[in-house]
Ligand SMILES: [Zn+2]
Ligand SMILES: [Zn+2]
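Below, the structure is given as structure tokens:
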């Protein structure tokens, strides 16, 4: 992501302005949910000059590429996330604030990474009642049950053997 030059704000306490964010991010995601590196994240950030540095707040939006945890189908889903973070000249070691660049640049990348990262689902579903894949043939059960081999699922056959041997 490209840093936003905020030298004008740092030299004018109390001043504020809107900065448009429209930028891509690399390597944000998990195996099942990610922001593709060619897909931009958009937002309007209100930048306010405060004593410690610059307060950045606004709403970020974009879309995620997901893979259904049950049927493995890929799909896109839009997301929106609110941010409100302080970028400071001299960060305290244990504080959550983000550092301003020494040249007066505000790099939104880590803030975006943290905020959007929290929106990534651990177990995305293509729809809440996704039925997943057939354990026998791997077919998509959302397209209909496979008649014929449901009765002969080897796991059930093995269990039946356990009970009848007794
Ligand atoms: Zn699914
Ligand atoms: Zn099947």
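Residue numbers (my numbering): 3 to 168. C-beta: ideal position from N, C-alpha, C; glycine also. The structure displayed is predicted, hence computed values, not measured ones.
From residue i to residue j, what distance separates their C-alpha atoms?
{"i": "residue 75", "j": "residue 81", "result": "19 Å"}
{"i": "residue 78", "j": "residue 28", "result": "17 Å"}
{"i": "residue 56", "j": "residue 48", "result": "10 Å"}
{"i": "residue 107", "j": "residue 5", "result": "5 Å"}
{"i": "residue 168", "j": "residue 143", "result": "Residue placement at residue 168 cannot be trusted, given a pLDDT of 48 that sits under 50; what the coordinates show is reported in the next sentence. Taking the straight line joining both Cα atoms gives about 34 Å."}
{"i": "residue 41", "j": "residue 84", "result": "19 Å"}
{"i": "residue 99", "j": "residue 131", "result": "40 Å"}
{"i": "residue 1", "j": "residue 134", "result": "Nothing can be reported for residue 1, as the shown portion of the chain is limited to 3 through 168."}
When burial is assigned at 16 or more other CB atoms within 10 Å of the CB, is residue i buried or exposed?
{"i": "residue 72", "result": "buried"}
{"i": "residue 92", "result": "exposed"}
{"i": "residue 14", "result": "exposed"}
{"i": "residue 18", "result": "exposed"}
{"i": "residue 147", "result": "exposed"}
{"i": "residue 110", "result": "buried"}
{"i": "residue 70", "result": "buried"}
Taking the Cβ atom as the reference point for each residue, do residue i and residue j lie within a distance shorter than 8 Å?
{"i": "residue 68", "j": "residue 97", "result": "no"}
{"i": "residue 51", "j": "residue 12", "result": "yes"}
{"i": "residue 115", "j": "residue 30", "result": "yes"}
3-residue-minimum beta strand (DSSP E) runs that sit fully inside the segment 38–68, ordered along the chain: 43–51
Segments assigned alpha helix (DSSP H), at least 4 residues, entirely inside the segment 81–138: 111–121
Validate contact between the segment 114–128 and the segment 31–45 using beta carbons, cut 8 Å, 3 pairs: yes
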